[in-house]
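Line by line, the protein sequences give chains B and Z. The first sequence: position 62 = 62 (the working numbering), numbered continuously. Count along the second sequence from 1, add 137, and you get the number used in the working numbering. Note that the Cβ used here is the ideal one computed from N, Cα and C, for glycine as well. None of these values were measured; they are calculated from a predicted model. Below is one structure, written out as structure tokens, with a few remarks after it.
Protein chains: 2
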Amino acid sequence: MKLKLILLCTLALIITVAATTISINDKEVTTPEMQSKMKLRHVVMFKFKDTASKEDIKKVEEAFAALPSKIPAIKAFEWGLNNSPETFDKGFTHCFLLTFDSEEGRDEYLPHPAHKAFGEIVGPVLDDLHVMDYWTK
Amino acid sequence: MKLKLILLCTLALIITVAATTISINDKEVTTPEMQSKMKLRHVVMFKFKDTASKEDIKKVEEAFAALPSKIPAIKAFEWGLNNSPETFDKGFTHCFLLTFDSEEGRDEYLPHPAHKAFGEIVGPVLDDLHVMDYWTK
Chain B
1 MKLKLILLCT LALIITVAAT TISINDKEVT TPEMQSKMKL RHVVMFKFKD
51 TASKEDIKKV EEAFAALPSK IPAIKAFEWG LNNSPETFDK GFTHCFLLTF
101 DSEEGRDEYL PHPAHKAFGE IVGPVLDDLH VMDYWTK
Chain Z
138 MKLKLILLCT LALIITVAAT TISINDKEVT TPEMQSKMKL RHVVMFKFKD
188 TASKEDIKKV EEAFAALPSK IPAIKAFEWG LNNSPETFDK GFTHCFLLTF
238 DSEEGRDEYL PHPAHKAFGE IVGPVLDDLH VMDYWTK
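Right, here's the structure in full:
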């Protein structure tokens, strides 16, 4: 009886540990970078007009950052200010990286009223725009 | 004795499950997008010369993709071919996204012999180059 109990407990432990390992491995398999392999990236670079004020630019930053809460198709959003030392930035200062799960997601985003409204905020203060989309390899 | 054993086994199970949960939660806390908040992104866009052959371009793709194995400072690497329907791509076809943990990492990458050697492969077939780096917000 005692032996049976020990065996049973050991078995329970083995199952728990095994299940855990599989679970962790599943998560490891889907690492940030590997998960990103299944994503559609949307890279947006802005160069503002010399006449754009700090307030204009702040308004653009905030309006863009508000889009993910308005457009569910945006699965991830990040942005930052250029700090490349390489001199290949063409005077662009802002880079935004949006992630979609599918081209349908992007198709939902592009004509979305919230995106259109954002375009009206950024358009007048923009000097140049560079956009590339890609499925991550 | 039997009760002690049951208690001991139960305790062992609880500890295992608890440890597992913490481990999994740690992984969940560091989701792809949250982890990316602490990252230095390096976005590289290529426009190839009209005279660049498919083989030239393939060589560039492979040479770039080989850099992470040669330069440990590159913490993540992905790339893809432009498929934006928006007509703001300026004729660029290739977008590469490298991730560094720090500006020191980038400082290691930029003058690295493997990066320099890659520059000699891509330089002759490149028409235009757009590079932006940013700390993710």
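Reference Ser221 of chain Z, options B:Lys58, B:Asp56 and B:Ser102, closest by Cα: B:Ser102
Asp107 of chain B, buried or exposed, once every other Cβ within 10 Å from all chains shown has been counted against 16: exposed
Helix, strand or coil at Leu40 of chain B according to DSSP, with G and I counted as helix: Strand at Leu40 of chain B.
Closer than 7 angstroms to chain Z by CB, Met132 of chain B: yes
Short-range partners of chain B found in the stretch 217-228 of chain Z, where Cβ spacing is below 8 angstroms: Gly217, Leu218, Asn219, Asn220, Ser221, Pro222, Glu223, Phe225, Asp226 and Lys227
Classification of Thr224 of chain Z by the beta-carbon crowding that lies within 10 angstroms, buried from 16 upward: exposed
Beta bridge counterpart(s) of Gly217 of chain Z as assigned by DSSP: Z:Cys232
Separation of Gly217 of chain Z from Val131 of chain B, as counted between CA atoms: 13 angstroms
Residues of the stretch 36-52 of chain B with Cβ closer than 9 angstroms to any Cβ of chain Z, in chain order: Ser36, Lys37, Lys39, Leu40, Arg41, His42, Val43, Val44 and Met45
9 angstroms Cβ cut-off: residues of chain Z touching Leu98 of chain B: Chain order gives no chain Z residues near Leu98 of chain B, where near means a beta carbon separation below 9 angstroms; the closest approach is about 11 angstroms.
Residues from the stretch 191-212 of chain Z in contact with chain B, defined by Cβ distance under 7 angstroms: The stretch 191-212 of chain Z vs chain B, Cβ under 7 angstroms: nothing.
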